[in-house]
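J.: The opening residue of the sequence shown carries number 110 in the numbering used here; numbering runs sequentially from there.
Note that beta-carbon positions come from the ideal geometry of N, C-alpha and C, so glycine has one too.
Note that this is a predicted model, so its numbers are computed, not measured.
Pasting in a structure now, in structure tokens, and then I'll have a few things to ask.
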Amino acid sequence: MPPAVLDLARPARRVCVLTGAGMSAESGIPTFRDAQVGLWERFDPLELATLSAWASDPGQVWAWYAWRAGLVAGARPHAGHRALARWQRRPGVDLTVATQNVDDLHERAGSDVLAHLHGSLFVLRCSACDRASDASYPVMPEPVARLDPPTCTSCGGPVRPGVVWFGEALPEDDFLSAVDAAQAADLVLVVGTSGIVHPAATLPHLAGARGVPVVEVNPRESAVSEAADEVWRATAATALPALVEALDDEREASR
Ligand code: OAD
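If you want it as structure tokens, here you go:
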């Protein structure tokens, strides 16, 4: 672990953790810009996660999200998710999680999530009248290419995933809460994002502009790297447990 990372984390009392798809990678959830797997490898997620894809073929988009929901339901949070939840529970530490991910792995590891910047896979709503829907994804042993989405019980419109598609606005409350948390933090930890989708990607820069130290955890270079004060070329499931364990050990030693 880069000593400078521990030096920044040790005194931090207001920690804002921004996560991207790399945070879920070691739970077996493919990231956006790595190759898609299986049936979907010939589709570009950046084309499926769009209003136009939904308008032209809701059955294909619904099948893709049903497949992803099945992946997430079959996945488990890893040691990095659990380490963040443990850190969040430490007395005297106010740790907020703002994620671009639409999965629920942070929550299933025990973290409170301040902001789902790109919505949530498991929050369904009517694409016509916007009413919340209590429909659910079908259990799919095998991915299928097309699946009729459920229909809204109120207006009969097709039900869609409550995720942000390209060209759609982010949930304003989530985004503004994340901006406040990043700017008020005394440490921002950016884990597993390529940092190229705005406005979520502006958060580390907004923090840095306020003089908040920014640490990146990512095995590869990203658009966040240049804004980071410290870059930790490691994966989420190895770096986060190591960091929280080191903080716990120091706390024990100082008792
Ligand atoms: P990307 O797929 O763009 O980037 C994933 C990042 O995670 C890359 O920088 C990888 O190097 C890094 N990574 C891979 N494995 C990792 C690991 N084990 N530990 C840590 N980092 C790892 O995903 P995002 O940056 O999250 O938006 O993409 C941002 C947005 O683009 C998504 O929220 C989605 C997508 O379109 C919408 O759907 C609106």
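Hey, quick one: how far does the beta strand (DSSP E) through residue 70 stretch, first residue to last?
T.: Only positions 110 to 364 of the chain appear in this structure, which leaves residue 70 out of reach.
J.: Among all residues, which have a Cβ less than 5 angstroms from at least one non-hydrogen atom of the ligand OAD, and in what chain order do they fall?
T.: Output, sorted by chain position: 129, 130, 131, 134, 135, 140, 141, 142, 158, 209, 227, 273, 301, 302, 303, 306, 327, 329, 331, 344 and 345.
J.: Tell me, which residues are paired with residue 341 by DSSP?
T.: Residue 341 sits at position 232 when you count from the first residue of the sequence shown. Its beta-bridge partners are 326.
J.: In its own chain, which residues sit with a C-beta less than 6 angstroms from the C-beta of residue 187, not counting the 5 before and 5 after it?
T.: Here residue 187 corresponds to residue number 78 of the sequence shown, with the count starting at 1. Within the same chain, residue 187 has close Cβ partners 135, 136 and 346.
J.: Output the distance between the C-alpha atoms of residue 211 and residue 220, rounded to the nearest integer angstrom.
T.: Numbered from its first residue, the sequence shown carries residue 211 at position 102. Numbered from its first residue, the sequence shown carries residue 220 at position 111. If you take the alpha carbons of residue 211 and residue 220, they lie about 15 angstroms apart.
J.: Which same chain residues, not among the five before or five after residue 111, have their C-beta less than 7 angstroms away from its C-beta?
T.: Locating residue 111 in the sequence shown gives position 2, where the first residue counts as 1. So the qualifying residues of the chain are 339 and 341.
J.: Determine the closest residue to residue 295 out of 202, 268 and 172, with distance taken between C-alpha atoms.
T.: Start at 1 with the first residue of the sequence shown, and residue 295 comes out as number 186. The option with the nearest alpha carbon to residue 295 is 202.
J.: Can you name the residues that DSSP bridges to residue 242?
T.: Sequence index remark: in the sequence shown, residue 242 carries index 133 (1-based). According to DSSP, residue 242 bridges with 233.
J.: So, for residue 230: in the same chain, excluding its five sequence neighbours on each side, which residues have a beta-carbon less than 8 angstroms away from its beta-carbon?
T.: Taking the sequence shown and counting its residues from 1, the one referred to as residue 230 is at position 121. The answer, listed in chain order, is 174, 177, 178, 181, 211, 212, 213, 270, 271 and 272.
J.: For residue 308, which residues in the same chain have their Cβ closer than 8 angstroms to its Cβ, ignoring the five residues on either side in sequence?
T.: Working through the sequence shown from its first residue, we reach residue 308 at position 199. Excluding the 5 residues flanking it on each side, residue 308 has same chain C-beta neighbours closer than 8 angstroms at 279 and 284, in chain order.
J.: Pull up the distance between the alpha-carbon of residue 331 and that of residue 314, whole angstroms please.
T.: The sequence position of residue 331 within the sequence shown is 222, counting from 1. The sequence position of residue 314 within the sequence shown is 205, counting from 1. Distance between the alpha carbons of residue 331 and residue 314 is about 13 angstroms.
J.: Can you give the Cα-Cα distance for residue 218 and residue 190, rounded to whole angstroms?
T.: For the purposes of this step, residue 218 is taken as residue 109 along the sequence shown, with counting starting at 1. For the purposes of this step, residue 190 is taken as residue 81 along the sequence shown, with counting starting at 1. One C-alpha to the other measures close to 6 angstroms.
J.: Grab me the residues of residue 123's own chain with a C-beta within less than 7 angstroms of its C-beta, minus the 5 sequence neighbours each way, in chain order.
T.: In the sequence shown, the residue the question calls residue 123 occupies position 14. So the list reads 203, 293, 294 and 295, once near-sequence residues are dropped.
J.: What are the boundary residues of the alpha helix (DSSP H) that includes residue 123?
T.: Locating residue 123 in the sequence shown gives position 14, counting from the first residue. Per DSSP, residue 123 belongs to no alpha helix (DSSP H); it is in the beta strand (DSSP E), 123-128.
J.: Quick check: the Cα distance between residue 357 and residue 195, rounded to an integer number of angstroms?
T.: Taking the first residue of the sequence shown as 1, we reach residue 357 at position 248. Taking the first residue of the sequence shown as 1, we reach residue 195 at position 86. Distance between the alpha carbons of residue 357 and residue 195 is about 10 angstroms.
J.: With a 10 Å radius around its C-beta and 16 neighbouring C-beta atoms as the bar for buried, classify residue 302 as buried or exposed.
T.: Here residue 302 refers to the residue found at position 193 of the sequence shown. That one is buried.
J.: Kindly indicate which residue of 359, 300, 360 and 321 has the alpha-carbon position closest to the one of residue 348.
T.: Taking the sequence shown and counting its residues from 1, the one referred to as residue 348 is at position 239. Looking at the Cα atoms, 300 is the closest of the given residues.
J.: If we count the other Cβ atoms within 10 Å of its Cβ and call it buried at 16 or more, is residue 120 buried or exposed?
T.: Counted from its first residue, the sequence shown places residue 120 at position 11. Burial call: exposed.
J.: Rounded to whole angstroms, what is the Cα-Cα separation between residue 275 and residue 129?
T.: Taking the first residue of the sequence shown as position 1, residue 275 is located at position 166. Taking the first residue of the sequence shown as position 1, residue 129 is located at position 20. One C-alpha to the other measures close to 16 angstroms.
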